[in-house]
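Undergrad: Quick one: this structure, given as structure tokens, is what I'll be asking you about.
Number of protein chains: 2
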Amino acid sequence: MLISKLLGERYKEKPGEAILPSHIYLLRGGYIRQVSNGIYSMLLPAKKVARKIEQIIREEMDAIDGQEVLFPVVLPAELWQESGRFDSVTNGLIRFKDRVGHDMLLGMTHEEAAVHLARSEVKSYTKYPFMIYQIQTKFRDETRARGGLIRVREFTMKDAYSFHTSQEDLEQYYERALQAYHRIFERAGVPQVISVRSDNGMMGGKVSHEYMLLSDVGEDTIVLCERCDYKANMEIAVSHIAHKRLEEQPLEEIHTPNITDIDSLADFFKVSPNRLMKAAVFAVENSNKPVVVFLRGDLQVNEAKLRNSIQANVFPLTDYENVNLCFGFIGAYGLDAEGMDVVYDISLQGESNLIGGANKLDYHLQGISMDRDIKPDKYVDIAKVNEGDTCSKCGSKLKLNRGIEVGNIFQLDTKYTASMNMTFTDIDGKQKHPVMGCYGIGVGRLLASIIEASHDEYGPIWPISVAPWQIHICLLNSENENIRQIGFEMYEKLGKIYDVLMDDRNVAAGMQFADADLLGVPVRIIVSKRNIEKGELELVTRDKAIKKNIKLEDLEKELREIIR
Amino acid sequence: MLISKLLGERYKEKPGEAILPSHIYLLRGGYIRQVSNGIYSMLLPAKKVARKIEQIIREEMDAIDGQEVLFPVVLPAELWQESGRFDSVTNGLIRFKDRVGHDMLLGMTHEEAAVHLARSEVKSYTKYPFMIYQIQTKFRDETRARGGLIRVREFTMKDAYSFHTSQEDLEQYYERALQAYHRIFERAGVPQVISVRSDNGMMGGKVSHEYMLLSDVGEDTIVLCERCDYKANMEIAVSHIAHKRLEEQPLEEIHTPNITDIDSLADFFKVSPNRLMKAAVFAVENSNKPVVVFLRGDLQVNEAKLRNSIQANVFPLTDYENVNLCFGFIGAYGLDAEGMDVVYDISLQGESNLIGGANKLDYHLQGISMDRDIKPDKYVDIAKVNEGDTCSKCGSKLKLNRGIEVGNIFQLDTKYTASMNMTFTDIDGKQKHPVMGCYGIGVGRLLASIIEASHDEYGPIWPISVAPWQIHICLLNSENENIRQIGFEMYEKLGKIYDVLMDDRNVAAGMQFADADLLGVPVRIIVSKRNIEKGELELVTRDKAIKKNIKLEDLEKELREIIR
Numbered sequence: 013m014l015i016s017k018l019l020g021e022r023y024k025e026k027p028g029e030a031i032l033p034s035h036i037y038l039l040r041g042g043y044i045r046q047v048s049n050g051i052y053s054m055l056l057p058a059k060k061v062a063r064k065i066e067q068i069i070r071e072e073m074d075a076i077d078g079q080e081v082l083f084p085v086v087l088p089a090e091l092w093q094e095s096g097r098f099d100s101v102t103n104g105l106i107r108f109k110d111r112v113g114h115d116m117l118l119g120m121t122h123e124e125a126a127v128h129l130a131r132s133e134v135k136s137y138t139k140y141p142f143m144i145y146q147i148q149t150k151f152r153d154e155t156r157a158r159g160g161l162i163r164v165r166e167f168t169m170k171d172a173y174s175f176h177t178s179q180e181d182l183e184q185y186y187e188r189a190l191q192a193y194h195r196i197f198e199r200a201g202v203p204q205v206i207s208v209r210s211d212n213g214m215m216g217g218k219v220s221h222e223y224m225l226l227s228d229v230g231e232d233t234i235v236l237c238e239r240c241d242y243k244a245n246m247e248i249a250v251s252h253i254a255h256k257r258l259e260e261q262p263l264e265e266i267h268t269p270n271i272t273d274i275d276s277l278a279d280f281f282k283v284s285p286n287r288l289m290k291a292a293v294f295a296v297e298n299s300n301k302p303v304v305v306f307l308r309g310d311l312q313v314n315e316a317k318l319r320n321s322i323q324a325n326v327f328p329l330t331d332y333e334n335v336n337l338c339f340g341f342i343g344a345y346g347l348d349a350e351g352m353d354v355v356y357d358i359s360l361q362g363e364s365n366l367i368g369g370a371n372k373l374d375y376h377l378q379g380i381s382m383d384r385d386i387k388p389d390k391y392v393d394i395a396k397v398n399e400g401d402t403c404s405k406c407g408s409k410l411k412l413n414r415g416i417e418v419g420n421i422f423q424l425d426t427k428y429t430a431s432m433n434m435t436f437t438d439i440d441g442k443q444k445h446p447v448m449g450c451y452g453i454g455v456g457r458l459l460a461s462i463i464e465a466s467h468d469e470y471g472p473i474w475p476i477s478v479a480p481w482q483i484h485i486c487l488l489n490s491e492n493e494n495i496r497q498i499g500f501e502m503y504e505k506l507g508k509i510y511d512v513l514m515d516d517r518n519v520a521a522g523m524q525f526a527d528a529d530l531l532g533v534p535v536r537i538i539v540s541k542r543n544i545e546k547g548e549l550e551l552v553t554r555d556k557a558i559k560k561n562i563k564l565e566d567l568e569k570e571l572r573e574i575i576r
Numbered sequence: 013m014l015i016s017k018l019l020g021e022r023y024k025e026k027p028g029e030a031i032l033p034s035h036i037y038l039l040r041g042g043y044i045r046q047v048s049n050g051i052y053s054m055l056l057p058a059k060k061v062a063r064k065i066e067q068i069i070r071e072e073m074d075a076i077d078g079q080e081v082l083f084p085v086v087l088p089a090e091l092w093q094e095s096g097r098f099d100s101v102t103n104g105l106i107r108f109k110d111r112v113g114h115d116m117l118l119g120m121t122h123e124e125a126a127v128h129l130a131r132s133e134v135k136s137y138t139k140y141p142f143m144i145y146q147i148q149t150k151f152r153d154e155t156r157a158r159g160g161l162i163r164v165r166e167f168t169m170k171d172a173y174s175f176h177t178s179q180e181d182l183e184q185y186y187e188r189a190l191q192a193y194h195r196i197f198e199r200a201g202v203p204q205v206i207s208v209r210s211d212n213g214m215m216g217g218k219v220s221h222e223y224m225l226l227s228d229v230g231e232d233t234i235v236l237c238e239r240c241d242y243k244a245n246m247e248i249a250v251s252h253i254a255h256k257r258l259e260e261q262p263l264e265e266i267h268t269p270n271i272t273d274i275d276s277l278a279d280f281f282k283v284s285p286n287r288l289m290k291a292a293v294f295a296v297e298n299s300n301k302p303v304v305v306f307l308r309g310d311l312q313v314n315e316a317k318l319r320n321s322i323q324a325n326v327f328p329l330t331d332y333e334n335v336n337l338c339f340g341f342i343g344a345y346g347l348d349a350e351g352m353d354v355v356y357d358i359s360l361q362g363e364s365n366l367i368g369g370a371n372k373l374d375y376h377l378q379g380i381s382m383d384r385d386i387k388p389d390k391y392v393d394i395a396k397v398n399e400g401d402t403c404s405k406c407g408s409k410l411k412l413n414r415g416i417e418v419g420n421i422f423q424l425d426t427k428y429t430a431s432m433n434m435t436f437t438d439i440d441g442k443q444k445h446p447v448m449g450c451y452g453i454g455v456g457r458l459l460a461s462i463i464e465a466s467h468d469e470y471g472p473i474w475p476i477s478v479a480p481w482q483i484h485i486c487l488l489n490s491e492n493e494n495i496r497q498i499g500f501e502m503y504e505k506l507g508k509i510y511d512v513l514m515d516d517r518n519v520a521a522g523m524q525f526a527d528a529d530l531l532g533v534p535v536r537i538i539v540s541k542r543n544i545e546k547g548e549l550e551l552v553t554r555d556k557a558i559k560k561n562i563k564l565e566d567l568e569k570e571l572r573e574i575i576r
């Protein structure tokens with residue numbers, strides 16, 4: 013490719029709407045252009061990177077016995093009605109009617125389509141396990157589209173679905189998939205991506221992992237132990253909570269006028285917040301029963317944990333009028349919980365001598381003892397982990413990190429195969445529902461994440477495995493016929509072996525170099541009049557590790573050493 | 013790939029819903045499964061063929077300086093409002109609102125997206141010409157989905173868009189694209205595909221070509237000269253019409269009670285239908301003025317030509333009540349054409365002594381002379397070509413053939429660049445709208461068309477360039493440990509060089525061969541106990557051209573000769 017013909021203007025100015033480095037460079041380098049909120053067109057450099065990423069993914073999926081298929085983007089509503097997701101997924105699903113009034117939707121994920129395809133084809137255990145995958149466009153009507161390709165509404169995704177005769181077989185395969193994902197990220201130039209346990213969310217099922225690129229600009233929070241291998245997404249992370257079992261005190265009502273927040277209360281009682289029992293109230297989706305959560309005053313509610321615990325989406329309460337609670341002074345003791353659910357966090361288990369609301373305006377109670385005064389049926393883990401908390405696995409300190417989710421894998425149990433009545437005849441002759449796993453990677457987000465992981469102040473530094481081109485020839489003094497001829501001969505010759513871009517424009521060297529930095533091609537060959545007169549070329553790598561003059565005749569040997 | 017693990021049941025029975033050979037074999041061979049009307053999932057064998065077709069297309073697009081990009085499937089309505097197509101395309105366009113109420117659509121073609129991408133990137137003539145293309149999913153809400161992958165609602169399409177500083181430059185490039193398309197079809201194993209002039213339809217612009225695979229099951233009618241190279245789609249085909257200039261006769265009103273159709277009228281007057289002037293009335297989209305077409309009695313109206321002539325969609329009239337015409341007796345002479353448009357076909361030009369309606373119940377006129385009695389402002393070509401008509405180029409006879417459209421290319425003029433205000437600075441310093449071309453191929457339809465062109469009574473015969481696998485090993489007697497070992501060693505070894513499928517199932521030879529025929533792999537190696545004992549293998553090609561026993565040690569040499 014000649015830069016003089018390459019579509020996509022490159023520019024110096026930081027685009028106003030962009031904050032993330034990947035977003036900035038994808039715009040400045042002429043990789044992508046926005047078409048609508050969270051919807052982009054890709055130009056050739058981005059498309060080439062995407063195709064190389066796709067090919068790595070394809071090879072690794074084939075290596076774990078994947079069969080590439082293609083599901084439709086547009087699906088009939090029936091499939092999602094069978095699984096129940098047509099009604100249960102309220103967020104981001106595009107629905108429309110076709111010309112004959114049939115309900116259709118744009119597939120956000122393809123568990124239903126995978127079951128639909130597989131259930132008529134595989135009747136016997138002998139064909140199990142099997143995995144099918146596709147690389148296809150998906151549309152999710154995200155509220156939070158942002159950051160260029162980091163969070164979009166339309167994207168290319170590799171989604172894979174495996175089917176098994178047992179949970180044990182799924183677990184074996186899941187481990188293979190987990191390793192295949194690590195190989196994908198390694199080959200794509202981001203070996204530092206880690207896998208962490210995560211929340212299954214709308215996918216259902218129990219065990220899942222997310223692949224995280226640690227990055228300050230990430231949207232996710234990951235909890236890592238500073239010593240052992242404990243890693244989890246904040247949404248499901250747990251820590252060890254030390255309990256102070258203090259001597260029980262009698263209950264006493266204390267006048268606390270207008271003192272409703274934790275800090276003021278701790279000040280008033282001259283105690284640490286972990287001596288307080290706080291209440292938080294949430295509305296529950298599709299329910300008129302709010303849920304009241306009690307937890308220790310030094311902790312916050314983790315909404316994902318709460319959602320998983322009560323198996324429903326929760327939202328901060330906004331309609332206080334119709335809830336019969338004494339807000340600011342809600343307490344577990346003497347609470348009239350009619351018409352609501354109550355959840356107790358494990359941080360309260362066995363605690364005594366706590367201070368909590370008295371369910372009475374301007375009053376709190378002190379001396380609350382859980383086992384004596386409250387006696388909950390059970391305690392549930394509902395609290396967020398904090399920086400510095402104790403690792404429940406090894407006792408060291410936990411750290412919080414930001415991360416970008418670049419992939420995820422799920423164990424789905426029989427959620428889809430049971431609801432959609434997919435069965436097989438097992439070795440014992442019985443009809444059973446297969447156990448399923450699913451495995452996703454967003455191609456565009458991975459592309460952007462590679463830039464987040466690998467750039468400098470001038471542009472992306474593409475790993476050679478996914479770089480849009482392998483070699484970038486800067487033809488300086490291209491107005492000189494001799495230089496031009498040498499350049500084009502080199503371009504032709506190298507083009508037979510490598511993926512080569514050449515800057516053939518008659519522009520200043522500075523402009524060529526700035527553009528080369530934005531295009532981020534790993535190996536740069538600079539052809540200039542001055543060097544050519546000495547029979548030399550300049551060879552530079554984008555990461556600045558190599559910068560040297562070489563003899564013209566040594567070029568191919570040098571390249572063979574750099575590009576393997 | 014091992015057939016024991018390949019997803020996709022194969023079966024013998026003709027599927028009830030399928031008529032076309034490609035549809036039958038795609039279902040019977042486990043290539044595709046229907047998800048909804050005109051919406052399919054592809055299994056591995058089809059996906060592999062599709063990927064090989066895509067790669068051929070990609071290489072040929074790159075060879076004519078194409079730059080691969082990716083446009084969104086979901087587009088904001090604004091883009092189509094700019095071009096005017098949001099309102100003008102009423103057929104098959106899916107529109108919906110996103111979560112914030114924004115009008116969106118599913119792109120049926122991507123001229124608007126291409127202009128949107130290019131218009132901000134290319135400001136100077138020096139970057140022209142350029143071509144961008146994508147291979148991406150499209151959805152068209154077809155009424156006529158049928159025939160498996162021949163006519164679907166969702167499909168993968170390669171669509172390319174070229175931009176030029178002049179019509180001349182477009183024409184030069186158009187010729188390159190035309191040839192590139194022929195190379196694509198040749199490489200994909202259907203060199204017999206022909207290009208014919210065609211109607212531009214909803215795309216706008218003037219010149220266009222369709223690529224047609226002649227096939228009795230095709231939906232299109234193509235007009236071919238039996239001697240010269242005249243080729244055109246029926247929609248725009250022309251023929252030479254001989255005129256009989258008869259002696260003028262006086263006009264005379266004749267009582268023709270209840271005689272309203274052409275055959276009865278010809279009988280009544282004892283003349284050939286070409287002595288009659290017939291009338292046809294059409295409703296016009298978005299207009300309350302119907303159009304009355306007069307043409308010679310032996311001809312039929314070509315609605316595509318009529319649509320192009322009046323630049324609006326036409327439909328057979330259904331509401332006779334509000335049209336002030338004497339149906340059955342409509343004539344050009346004495347017609348009160350208030351509130352309607354009238355079109356005269358060139359078949360009437362210079363004719364005299366014609367018989368036509370008298371605009372009066374049960375009466376016709378004879379002796380009508382066009383130049384004396386009607387004097388139209390102009391004549392337009394509106395008639396359908398008939399089998400045996402005279403070629404207007406060489407005077408030989410025209411034949412009608414059925415064909416499947418497997419690609420199309422269009423010259424679009426400035427239809428999109430002007431309406432969407434895309435400009436460039438030309439060499440003369442002036443701002444101009446570029447001229448555009450567009451070039452489409454449906455991947456799935458081409459896949460199905462290859463089967464239409466290449467199959468026998470047992471299944472598809474895949475050309476080696478697009479075959480799902482190159483070699484199919486039939487491992488007969490696979491229960492024999494020795495055979496099994498030889499087979500798997502061969503599978504491993506050949507798998508390093510070729511794309512190999514092996515039937516490792518312990519099933520009867522007949523079942524293996526029937527499945528092999530359905531999978532259509534070009535080269536088959538049959539490993540059987542009997543042959544192995546003689547140190548031999550059987551080598552068979554799917555097209556039956558080769559069927560012989562070879563020595564085990566000659567296998568690789570033999571394969572090198574067949575698979576180049």
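From first to last, the protein sequence lines are chains L and E. If you use the numbering used here, the first sequence corresponds to residues 13 to 576, in order. If you use the numbering used here, the second sequence corresponds to residues 13 to 576, in order. C-beta atoms are modelled at their ideal positions from N, C-alpha and C, and glycine is treated no differently.
Compute the Euclidean distance between the alpha carbons of Phe326/E and Gly159/E, then round it to the nearest angstrom.
TA: Walking along the second sequence from the start, residue 326/E turns up at place 314. Walking along the second sequence from the start, residue 159/E turns up at place 147. In the sequence on display, residue 326/E carries Val and not Phe. Whole-angstrom Cα-Cα distance: 27 angstroms.
Undergrad: May I ask you to verify whether the region 342-353 of chain E touches the region 422-438 of chain E, counting CB pairs closer than 8 angstroms and requiring at least 3?
TA: With a cut-off of 8 angstroms on Cβ pairs, the region 342-353 of chain E is not in contact with the region 422-438 of chain E, counting fewer than three such pairs.
Undergrad: On the DSSP bridge list, what partners appear for Ile147/E?
TA: Taking the first residue of the second sequence as 1, we reach residue 147/E at position 135. Per DSSP, Lys170/E.
Undergrad: Suppose the cutoff is 6 angstroms on Cβ atoms and the five residues either side in sequence are ignored; what does the same chain contact list for Leu38/E look like?
TA: Looking up residue 38/E in the second sequence gives position 26. Cβ within range, chain order: Ile44 and Gly160.
Undergrad: Of all the residues that make up the region 86-117 of chain L, which are near chain E by a beta-carbon distance shorter than 7 angstroms?
TA: Val86, Leu87, Pro88, Ile106, Phe108, Asp110 and Arg111
Undergrad: Which residue wins for smallest C-alpha separation from Gly419/L, given the options Met432/L, Tyr451/L and Lys282/L?
TA: In the first sequence, the residue the question calls residue 419/L occupies position 407. The candidate whose alpha carbon is nearest that of Gly419/L is Tyr451/L.
Undergrad: If I follow the unbroken alpha helix (DSSP H) through Ile322/L, where does it start and stop?
TA: On the first sequence, position 310 is the one that residue 322/L refers to. Its alpha helix (DSSP H) spans residues Glu315 to Ile322.
Undergrad: Taking the alpha helix (DSSP H) that Asn543/E falls in, what are its first and last residues?
TA: For the purposes of this step, residue 543/E is taken as residue 531 along the second sequence, with counting starting at 1. Note, Asn543/E: alpha helix (DSSP H), Lys541 to Glu545.
Undergrad: Could you work out which residue in Val208/L, Gly449/L and Leu487/L is closest to Gly415/L when comparing CA atoms only?
TA: Here residue 415/L is taken as the residue at index 403 of the first sequence, counted from 1. Considering only alpha carbons, the answer is Val208/L.
Undergrad: Could you list which residues in chain L have their beta carbon closer than 7 angstroms to that of His128/E, in chain order?
TA: As a first step, residue 128/E must be located in the second sequence, where it is residue number 116. Chain L residues near His128/E: Val47.
Undergrad: Assuming Ser210/E contacts Glu247/E under a Cβ cut-off of 8 angstroms, what Cβ separation, rounded to an integer in Å, is found between them?
TA: Along the second sequence, one-based indexing puts residue 210/E at 198. Along the second sequence, one-based indexing puts residue 247/E at 235. Indeed, because the Cβ distance is near 7 angstroms, the residues count as touching under 8 angstroms.
Undergrad: Name the DSSP beta bridge partners of Pro88/L, please?
TA: Against the first sequence, residue 88/L aligns to sequence position 76. Per DSSP, Met116/L.
Undergrad: For Gly547/L, count neighbouring C-beta atoms within 10 Å of its own C-beta (all shown protein chains included) and say buried if the count is 16 or more, exposed if not.
TA: Along the first sequence, read from residue 1 onward, the residue named residue 547/L stands at position 535. Looking at its Cβ environment, which holds fewer than 16 other Cβ atoms inside 10 Å, Gly547/L is exposed.
Undergrad: When you compare the CB of Thr149/E with every CB in chain L, is at least one pair closer than 8 angstroms?
TA: Within the second sequence, numbered from 1, the residue matching residue 149/E stands at position 137. Chain L contact via Cβ: present.
Undergrad: Classify Gly379/L: buried if its beta carbon has 16 or more other beta carbons within 10 angstroms, exposed otherwise.
TA: In the first sequence, counting from the first residue as 1, residue 379/L sits at position 367. Answer is buried; the Cβ neighbour count reaches 16.
Undergrad: Using the Cβ count rule (16 or more neighbours within 10 Å means buried), how would you classify Leu236/L?
TA: Counting from one through the first sequence, the residue named residue 236/L turns up at place 224. By the neighbour-count criterion, in which a residue is buried when 16 or more other Cβ atoms sit within 10 angstroms of its Cβ, Leu236/L is buried.
Undergrad: Checking contacts by CB at 8 angstroms: is Pro534/E closer than that to chain L?
TA: Here the question's residue 534/E lines up with position 522 in the second sequence. Not closer than 8 angstroms to any Cβ of chain L, the Cβ of Pro534/E fails to qualify, so no.
Undergrad: Could you say which of Ala157/L, Glu231/L and Ser227/L lies nearest to Glu464/L if we only look at CA atoms?
TA: Walking along the first sequence from the start, residue 464/L turns up at place 452. When each option's Cα is compared against that of Glu464/L, the closest is Ser227/L.
Undergrad: Please classify Met502/E: does DSSP put it in a helix, a strand, or coil?
TA: Along the second sequence, one-based indexing puts residue 502/E at 490. Note: Met502/E maps to helix in three-state DSSP.
Undergrad: Within the 8 angstroms Cβ cut-off, does Pro84/E reach chain L?
TA: Locating residue 84/E in the second sequence gives position 72, where the first residue counts as 1. Yes, Pro84/E counts as interfacial toward chain L.
Undergrad: Which full runs of the beta strand (DSSP E) of 3+ residues lie inside the region 353-382 of chain E, going along the chain?
TA: 353-356, 366-372 and 375-380
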